[in-house]
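Participant: In case it helps, the numbering used here puts the sequence shown at residues -7 to 301. Ideal Cβ placement from N, Cα and C applies to all residues, glycine included.
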Amino acid sequence: MTVPVPRPGTFGVVLQAHGLSKDFGTVRAVDDLSFAVPPGAIAGFLGPNGAGKTTTLRMMLGLIRPTAGTATLGGVPFESIPQPARVVGAVLDTLCLHPNRTALGHLQVFGAAIGVPAEAAQRNLALVGLSAVARNKVRTFSLGMRQRLALATALLGDPSVLVLDEPANGLDPSGIAWLRDFLREFARRGGTVLTSSHILREIEHTADHLVIIGRGALVYQGSMDALRAQYRSRVLVASSSPVALATALAAQGFTDVQVQPDGRLAVAGAAERDIAALAASANVEVFGMVGEAVDLEQVFLWMTSGGWR
-7 MTVPVPRPGT
3 FGVVLQAHGL
13 SKDFGTVRAV
23 DDLSFAVPPG
33 AIAGFLGPNG
43 AGKTTTLRMM
53 LGLIRPTAGT
63 ATLGGVPFES
73 IPQPARVVGA
83 VLDTLCLHPN
93 RTALGHLQVF
103 GAAIGVPAEA
113 AQRNLALVGL
123 SAVARNKVRT
133 FSLGMRQRLA
143 LATALLGDPS
153 VLVLDEPANG
163 LDPSGIAWLR
173 DFLREFARRG
183 GTVLTSSHIL
193 REIEHTADHL
203 VIIGRGALVY
213 QGSMDALRAQ
223 YRSRVLVASS
233 SPVALATALA
243 AQGFTDVQVQ
253 PDGRLAVAGA
263 AERDIAALAA
273 SANVEVFGMV
283 GEAVDLEQVF
293 LWMTSGGWR
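Structure follows, in structure tokens:
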């Protein structure tokens, strides 16, 4: 895959929100939100529907004026950046694509507006796999094709930062895999990505940093690895005597043990072989064991339901 190298003069740009708030009448959509996306990261921006994700992204890009707070790139507000399309590429929706223009015509118009060479249009169509439909009108495109064209538009200025709102929307499984590989390569070459998505398993496979919000407020920010470390995998054990097994486990330091509604023990921090050995030493018969790995979806649902607080 050929991915453009982000402009070297913008390496190291940190994407930050500082106390962002936004009121729409009496409704507070975003509430004192602060976070930072480190350079070279792919940051997943997560939250339930209505949590304020799109409003936040629009404030980050200067499209909505915040009620309070600021958003900066490398310490500079977006509206103060000379030639912003050469620093930040954004995909917020596909409504900006004129239905009666061809894909090539759309990119040529946008490229002329930001001062990039005309040949960049053809290059970017090839980059997103749309060369074969370059002269087709946008109104004939599927949602997935429109998403690819919007990404091609965002990349015209060779930006170092991508801000993407649900970029996988409308993509088929092969398109989602293509987008995942593209974003990884973009970050590997020095770019920074902030992307929202409702496809949590895809974020889990793509992002190395997370920003999670609920009701417009920050719930979690940090690395994916740090979040995983907070939630150890468990082994669910069905046995002849849960109490005796729990006692044997505790004697060996395995104290994170919970009785489940079905009578099984949920044991964290112990391998199945250790549990089997301790059960045998305590004369407890084990009827079955199954590993249970906590995934991002489970953590997300718990955090945004209020359990985190």
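(1) Please work out which residues of its chain come closer than 8 Å, Cβ to Cβ, to glycine 136, disregarding the five sequence neighbours upstream and downstream, and give them in chain order.
(2) Rounded to whole angstroms, what's the CA-CA distance from leucine 117 to valine 155? Just pull it up for me.
(3) Does the structure place the segment 56 to 64 close enough to the segment 92 to 104 that three or more beta carbon pairs sit under 8 Å?
(4) Look at glycine 67 and threonine 184 and say whether their C-beta atoms are less than 8 Å apart.
(5) Can you name, in chain order, every residue of its own chain whose Cβ lies under 7 Å from the Cβ of glutamate 71, other than the five neighbours on each side?
(6) Indicate the three-state DSSP secondary structure (helix, strand or coil) for valine 125 in the structure shown.
(7) In the DSSP output, what is leucine 12 paired with across the bridge?
(8) Spatial neighbours of glutamine 213 within its chain, please: C-beta separation below 6 Å, excluding the five flanking residues on both sides.
(9) From the DSSP output, in three-state form, read off proline 76 for me.
(10) Have a look at threonine 62 and alanine 242 and give me their C-alpha separation to the nearest angstrom.
(11) By the three-class DSSP mapping on this structure, what secondary structure does alanine 157 have?
(12) How should phenylalanine 37 be labelled, buried or exposed, when 16 other C-beta atoms within 10 angstroms of its C-beta is the threshold for buried?
(13) Among the candidates Thr18, Asn92, Arg140, whose CA atom is the shortest distance from the CA of arginine 131?
(14) Quick one: what's leucine 7 bridged to in DSSP?
(15) Let me know if leucine 7 comes out buried or exposed under the rule of 16 or more other beta-carbons within 10 Å of its beta-carbon.
(16) In its own chain, which residues sit with a C-beta less than 6 Å from the C-beta of leucine 293, not counting the 5 before and 5 after it?
(17) Please name the residue, chosen from Ser188, Tyr223, Arg256, that lies closest to alanine 238 on a Cα-to-Cα basis.
(18) Please classify leucine 202: does DSSP put it in a helix, a strand, or coil?
Facilitator: Quick look at the numbers:
(1) Gly162, Leu163, Asp164, Gly167
(2) 19 Å
(3) no
(4) no
(5) Gly54
(6) helix
(7) Leu25
(8) Phe27, Val203
(9) helix
(10) 50 Å
(11) Checking the sequence, you will find aspartate at residue 157 rather than alanine. Here aspartate 157 sits in strand by DSSP.
(12) buried
(13) Asn92
(14) Val29, Leu65
(15) buried
(16) none
(17) Arg256
(18) strand
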